[in-house]
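Everything on this sheet refers to the single structure shown next.
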Amino acid sequence: MSTRQPGAARGGKLRAPLLFAAMAALLLIEAFTTGWNGALGIVNMGLISAILALGVNMQWGYAGLFNTGVVGFIALGGLGPVLVSMKPTPGAFSAGGWGILLAFAIALVTIAAAVWLNRHLKRMKGLAILAVLIAGFFLYRAIFDPAVAAIQAINPASAGYLGGLGLPTLLSWPVGALLAAGAAWVVGKTALGLRSDYLAVATLGIGEIIVAVLKNEEWLDRGVLNVTGIPRSWPVPYEVDLQADPGFLERVAAFGLDPVTTSTITVKLLYGALFAAVLLVLIWALQLALNSPWGRMMRAIRDNEVAAEAMGKNVTGRHLQIFILGCAVIGLAGAMMISLDGQMTPSSYNPLRYTFLIWVMVIVGGSGNNWGSVLGGMLIWFVWIKAEVWGPQIMHVVTATLADGPLKQHLVDSAPHMRLVMMGLILLLVLRFSPRGLLPEK
Amino acid sequence: MDILNALVAILNYVVVPATAYGAQLALGALGVTLIYGILRFSNFAHGDTMAFGTAITILVTWALQAAGLSFGPLPTALVALPFGIAATALLVLGTDRIVYAYYRKVRAAPVVLTMVSVGVMFVMNGLTRVLIGVDEIKFTDGARFLISAQEFKKATGLAEPLAIRTTQAITVITAAIVVAALFWFLAKTRAGKSMRAFSDNEDLALLSGINPNRVVAMTWIIAAALATIAGTLYGLDKSFKAFNYFQLLLPVFAAAIVGGLGNPLGAIAGGFIIAYSEVAVTYAWKKVAIYLIPGYQSDNLLQLLSTEYKFAVSFTILIIVLLFKPTGLFKGKSV
Numbered sequence: 000m001s002t003r004q005p006g007a008a009r010g011g012k013l014r015a016p017l018l019f020a021a022m023a024a025l026l027l028i029e030a031f032t033t034g035w036n037g038a039l040g041i042v043n044m045g046l047i048s049a050i051l052a053l054g055v056n057m058q059w060g061y062a063g064l065f066n067t068g069v070v071g072f073i074a075l076g077g078l079g080p081v082l083v084s085m086k087p088t089p090g091a092f093s094a095g096g097w098g099i100l101l102a103f104a105i106a107l108v109t110i111a112a113a114v115w116l117n118r119h120l121k122r123m124k125g126l127a128i129l130a131v132l133i134a135g136f137f138l139y140r141a142i143f144d145p146a147v148a149a150i151q152a153i154n155p156a157s158a159g160y161l162g163g164l165g166l167p168t169l170l171s172w173p174v175g176a177l178l179a180a181g182a183a184w185v186v187g188k189t190a191l192g193l194r195s196d197y198l199a200v201a202t203l204g205i206g207e208i209i210v211a212v213l214k215n216e217e218w219l220d221r222g223v224l225n226v227t228g229i230p231r232s233w234p235v236p237y238e239v240d241l242q243a244d245p246g247f248l249e250r251v252a253a254f255g256l257d258p259v260t261t262s263t264i265t266v267k268l269l270y271g272a273l274f275a276a277v278l279l280v281l282i283w284a285l286q287l288a289l290n291s292p293w294g295r296m297m298r299a300i301r302d303n304e305v306a307a308e309a310m311g312k313n314v315t316g317r318h319l320q321i322f323i324l325g326c327a328v329i330g331l332a333g334a335m336m337i338s339l340d341g342q343m344t345p346s347s348y349n350p351l352r353y354t355f356l357i358w359v360m361v362i363v364g365g366s367g368n369n370w371g372s373v374l375g376g377m378l379i380w381f382v383w384i385k386a387e388v389w390g391p392q393i394m395h396v397v398t399a400t401l402a403d404g405p406l407k408q409h410l411v412d413s414a415p416h417m418r419l420v421m422m423g424l425i426l427l428l429v430l431r432f433s434p435r436g437l438l439p440e441k
Numbered sequence: 000m001d002i003l004n005a006l007v008a009i010l011n012y013v014v015v016p017a018t019a020y021g022a023q024l025a026l027g028a029l030g031v032t033l034i035y036g037i038l039r040f041s042n043f044a045h046g047d048t049m050a051f052g053t054a055i056t057i058l059v060t061w062a063l064q065a066a067g068l069s070f071g072p073l074p075t076a077l078v079a080l081p082f083g084i085a086a087t088a089l090l091v092l093g094t095d096r097i098v099y100a101y102y103r104k105v106r107a108a109p110v111v112l113t114m115v116s117v118g119v120m121f122v123m124n125g126l127t128r129v130l131i132g133v134d135e136i137k138f139t140d141g142a143r144f145l146i147s148a149q150e151f152k153k154a155t156g157l158a159e160p161l162a163i164r165t166t167q168a169i170t171v172i173t174a175a176i177v178v179a180a181l182f183w184f185l186a187k188t189r190a191g192k193s194m195r196a197f198s199d200n201e202d203l204a205l206l207s208g209i210n211p212n213r214v215v216a217m218t219w220i221i222a223a224a225l226a227t228i229a230g231t232l233y234g235l236d237k238s239f240k241a242f243n244y245f246q247l248l249l250p251v252f253a254a255a256i257v258g259g260l261g262n263p264l265g266a267i268a269g270g271f272i273i274a275y276s277e278v279a280v281t282y283a284w285k286k287v288a289i290y291l292i293p294g295y296q297s298d299n300l301l302q303l304l305s306t307e308y309k310f311a312v313s314f315t316i317l318i319i320v321l322l323f324k325p326t327g328l329f330k331g332k333s334v
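Line by line, the protein sequences give chains A and B. The first sequence begins at 0 in numbering that gives the first Met the number 0 and counts up one residue at a time. The second sequence begins at 0 in numbering that gives the first Met the number 0 and counts up one residue at a time.
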């Protein structure tokens, strides 16, 4: 985009390794000052953030698509573990499962009929489409509502939803990616090809809607009641099982370590290794794609759509492709996050945290550069977590000279919100003084 | 009688709230559309500008109330409104000087400016939270009702009540005054004409000797005033909560785009279209059906969508308009 400026970044070939070393040093300092447990927690979410940033970078850095609905695709990815790895609720499917499937089939047929009418009818088109849509909607609701009521009536305190398939959690990650990709196809099919600002507003809407669906459709994911106890993915064990495992206790005792702390650190290390493996595979695939003719074509389209179109490239088609792929990566990370947390809390999906913070990661890291996104993801996540601690500390220093009173109390209490201001300032400073980010695109 | 009752029910539950909401959206969309028309980018910070202006207005309102001042039957917030507008105008002018001016100078692409506005959004969001916190705040005072439900029932003898809250009436009247003033300003004054000229053709306007800095500054001041008024009216009508204002971004943008971005008249029409659709789709029509259809009995609420899905309404209208009429219902710009 036009933020691109000529001239190479300082540091040349050593720039990326040096910056990554600095990031590692920051994390090591964190580990030695506040403990390995906290530091590894930051690393794990940092790795997930890096994958999220990779997904957004594909859309923005490769293709210049402004997706402001990231939060929705993360949430949809998180539905993967719920649908795949939770135990099915006994009797729920026979009570209302078929009704819901039938209702969805009716919805699909209705939409298909409306599209067909739109293409083939000449006179009275608007009226006919409206009539079909309204009839379809009422039929859908007539079948859907009783099915939902039947499902939600089953043991509402602890279940009240369909439940999952009871399959391994690892399998749910690609399912999360598929769910996000499916939604992206629907959105992209309608909204791509519009101007960039319109796409931004349209995706903002779809993000809100997906989160609203997850909050309210209790038959699907219990809504605001949350799904808890989502099983961990292979090969990560539970801390209590580790602490009861004689082999583990023996090894811990041999090193003279505390079994409780060691078990939590072991779990986090295993998750970290798993996430890092996923990240590396993704980066490898993305670097291959970016350096292939396909990657060159994507950059050509991004830099000059008109010229690329004149060369016979299908711009809208390529945009749709990259939009779906990017959303799939975002969904994958969303699913990983849910299996790390072990619970699905739809009300926690806040667009500032899950859309715009990811954007800060991509811009700070360097849009168009995959390693930049990884660095940005880790760094900004680190700053975001630490800012919650730094805010009050800074505020205490600032207000040290103030007399104790309601004003001082108010300022100290609201200090955690300073991290939003901090993120905004970081984004503005990077856009102004270093628009190509920490690791610029080559 | 039943038909009258049905009509009153529709008035009470659909027309009155939707008109107030539509006026608030229209004012918000006017700000978005002005910035788009003259500064040529989608300002994602507009929701948080509304929140900031409202927060200042609330703080001044509290100060006035603490000093024992009030505005009779009208809410004290109306007295505090000019202070809120002034503070917000200063904030956005400062933001323009420090942040946006540079990108105009280097003639950055609109999408870069939109990205920059995301940074501004974060800062303003944080500032508002530090200023006033994240809790829900009700700050309306004065008389609660213009027409209360009991009075209306007694006066007309109908079974259905019609209540018009003072805040709803104030919203519509204020919005009408503001819109009239804005259109008079744009159509009749020299400054307003220079703004329209700048919006139509920047280069030609510059050649005619129009000072771009003045046009930009005026645009920001007007946008700040519109945002603060819209935010305060929304807060008086419902309540103030920082996050809700951020979420208003979607219906406000939908209103501006549906009407045609850059077209002030379109923004107003868009605001009312979005508001009426949202309220009509999320209203439970059962009561009206019972009045209108003799012998109608059903457990069905006749509610098309639950209120949680009101965003889906703005979104659907937005998509339909964009698919079939990409420049909006009234002719907008396409940059």
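Just so you know, even glycine gets a beta-carbon here, dropped at the ideal spot from N, CA and C.
Phe144 (chain B), enclosing beta strand (DSSP E) - first and last residue: Phe144 to Ile146 is the extent of the beta strand (DSSP E) around Phe144 (chain B).
Given Leu27 (chain A) as reference, the closest of A:Ala91, A:Leu39, A:Leu17 and A:Pro16 once Cα atoms are compared: That would be A:Leu39, whose Cα lies nearest to the Cα of Leu27 (chain A).
Nearest-angstrom beta carbon gap, Val174 (chain A) and Val83 (chain A) [assumed within contact, 8 Å]: With 8 Å as the limit, Val83 (chain A) and Val174 (chain A) qualify as a contact, their Cβ atoms being about 5 Å apart.
Cβ distance (whole Å) where Ile349 (chain B) is taken to contact Gly52 (chain B) below 8 Å: Residue 349 (chain B) lies beyond the range of chain B shown here (0 to 334); nothing can be said about it.
Residues that Ser195 (chain A) contacts on chain B, provided the C-beta gap is smaller than 7 Å: Val110
As assigned by DSSP and simplified to three states, the class of Gly6 (chain A): For Gly6 (chain A), the pLDDT reaches just 48, beneath the cut-off of 50, and the residue's location in the model is therefore unreliable, although a value from the coordinates is still provided. It is coil, neither helix nor strand.
Whether Ala76 (chain B) touches Thr56 (chain B) by CB criterion (7 Å): Remark: C-beta atoms of Ala76 (chain B) and Thr56 (chain B) approach each other more closely than 7 Å.
Other residues of its chain near Gln246 (chain B): CB distance less than 8 Å, five sequence neighbours each side excluded: Once the five neighbours on either side are set aside, the close Cβ partners of Gln246 (chain B) are Gly46 and Phe310.
Pairwise C-alpha distance: Phe242 (chain B) and Ala216 (chain B): C-alpha separation (whole angstroms): 28 Å.
Residues of the region 244 to 259 of chain B whose Cβ lies closer than 8 Å to any Cβ of chain A, in chain order: Phe245, Gln246, Leu248, Leu249, Phe252, Ala253 and Ile256
Where Gly162 (chain A) falls: helix, strand or coil (DSSP): strand
Residue from A:Asp240, A:Phe247, A:Gln58 and A:Arg14 whose Cα sits closest to the Cα of Arg301 (chain A): A:Gln58
Opposing strand residues paired with Pro87 (chain A) [DSSP bridges]: Paired residue(s): A:Gly162.
Cβ separation of Trp370 (chain A) and Leu438 (chain A), assumed to be a contact under 8 Å, to the nearest whole Å: 6 Å
Short-range partners of chain A found in the region 314 to 333 of chain B, where Cβ spacing is below 8 Å: Phe314, Leu317, Ile318, Leu321, Leu322, Pro325 and Ser333
Chain-ordered chain A contacts of Gly132 (chain B) [CB-CB under 9 Å]: His409, Asp412, Ser413 and His416
Expected contact under 8 Å - CB spacing of Met49 (chain B) and Tyr244 (chain B) to nearest Å: 5 Å
Those runs of the alpha helix (DSSP H) which lie wholly inside the region 23 to 93 of chain A and span at least 4 residues: 35 to 56 and 69 to 84
6 Å CB neighbourhood of Ser195 (chain A) in its chain, flanking five on each side removed: Phe65
Chain B contact residues for Met422 (chain A), given Cβ-Cβ distances below 9 Å: Gly118, Phe121, Val122 and Gly125
Per-residue DSSP class, three states only, for Arg431 (chain A): helix
His416 (chain A): first and last residue of the uninterrupted alpha helix (DSSP H) it sits in: Per DSSP, His416 (chain A) belongs to no alpha helix (DSSP H) and is neither H nor E.
Beta strand (DSSP E) segments (min. 3 residues) lying fully within the region 143 to 179 of chain B: 144 to 146
Buried/exposed call for His395 (chain A), threshold 16 Cβ in 10 Å: Exposed, by the Cβ-count rule.
Test: Leu138 (chain A) CB closer than 7 Å to a CB of chain B: no
Nonlocal neighbours in the same chain, by C-beta distance under 8 Å from Ala176 (chain A), ignoring five residues either side: Gly76, Gly79, Ala327, Val328, Gly330, Leu331 and Ala334
Ile28 (chain A): CB within 6 Å of a non-hydrogen atom of the ligand ZN: Among the components of this structure there are no ligands whatsoever, and the ligand ZN is therefore not found.
Within-7 Å CB hit, Thr189 (chain A) to chain B: Interface residue (Cβ-Cβ distance to chain B less than 7 Å): Thr189 (chain A) is classified as such.
Bridge partner(s) assigned by DSSP for Val226 (chain A): Bridge partners of Val226 (chain A) according to DSSP: A:Met343.
Local conformation of Phe381 (chain A) per DSSP, three classes: helix
Proximity test, Cβ basis, 7 Å: Phe310 (chain B) and chain A: Yes, Phe310 (chain B) counts as interfacial toward chain A.
N-terminal and C-terminal residue of the alpha helix (DSSP H) that Pro145 (chain A) is part of: Lys124 to Gln151
Cross-strand partners of Phe70 (chain B) (DSSP beta bridge): B:Leu73
Separation of Gly436 (chain A) from Lys12 (chain A), as counted between CA atoms: 16 Å
Ala331 (chain A) in three-state terms, based on DSSP: According to the sequence provided, residue 331 (chain A) is Leu. The question's Ala does not apply to it. Three-state result, Leu331 (chain A): helix.
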